[in-house]
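Okay, so here's the structure we're looking at.
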Ligand SMILES: [Mg+2]
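Residue numbers (the numbering used here): 13 to 154.
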């Protein structure tokens, strides 16, 4: 699958630090044959990804549409189409399918949401559904 991660409060805290487990989850997703993409509603976040040494795990960085999602994919040249998105905003998850994740505002070594997320993606990849409480099927197309 082409898996798209939001930046702020999904994998990055307010202070710019990386959510615990992010690097491990990206690595495991690659091992499982998925591709990881990064997008953000505030612009291209390549500099943040370089700063955090994540570029070798990422297949692309895009601007994320924050409304009119289908039109936005074309406007921002988002390609390939997202198969699964992880975001702290519910609407985009409902549009494309994925996991609406608990926001990560403050640096915390205790945050364990990334491991649950990995399980959800593995489950969805195997069975087409997930028991994760933030899981949403795509509302729009097939
Ligand atoms: Mg966000």
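Glycine included, every Cβ here is placed at the ideal spot set by N, Cα and C.
Quantities reported herein were computed from a predicted structural model and do not represent experimental measurements.
Please classify residue i: does DSSP put it in a helix, a strand, or coil?
i: residue 97; result: strand
i: residue 30; result: strand
i: residue 133; result: helix
i: residue 128; result: helix
i: residue 118; result: coil
i: residue 154; result: Residue confidence is low: residue 154 scores 41 on pLDDT, short of 50, so the model does not pin down where it sits. Its coordinate-derived value is still stated next. If DSSP states are grouped into helix, strand and coil, residue 154 belongs with coil.
Using beta-carbon positions only, say whether residue i and residue j come within less than 8 Å of one another.
i: residue 76; j: residue 112; result: no
i: residue 44; j: residue 134; result: yes
Any heavy atom of ligand 1 inside 7 Å of the beta-carbon of residue i?
i: residue 21; result: yes
i: residue 101; result: yes
i: residue 138; result: no
i: residue 60; result: no
i: residue 18; result: yes
Inset, instruction - For the region 119-127 and the region 81-91, state whether three or more C-beta atom pairs, one from each stretch, are separated by less than 8 Å. - result: no
Legend entry - Continuous alpha helix (DSSP H) assignments of at least 4 residues falling wholly in the region 37-89: Whole alpha helix (DSSP H) segments, 4+ residues: 58-63 and 81-87.
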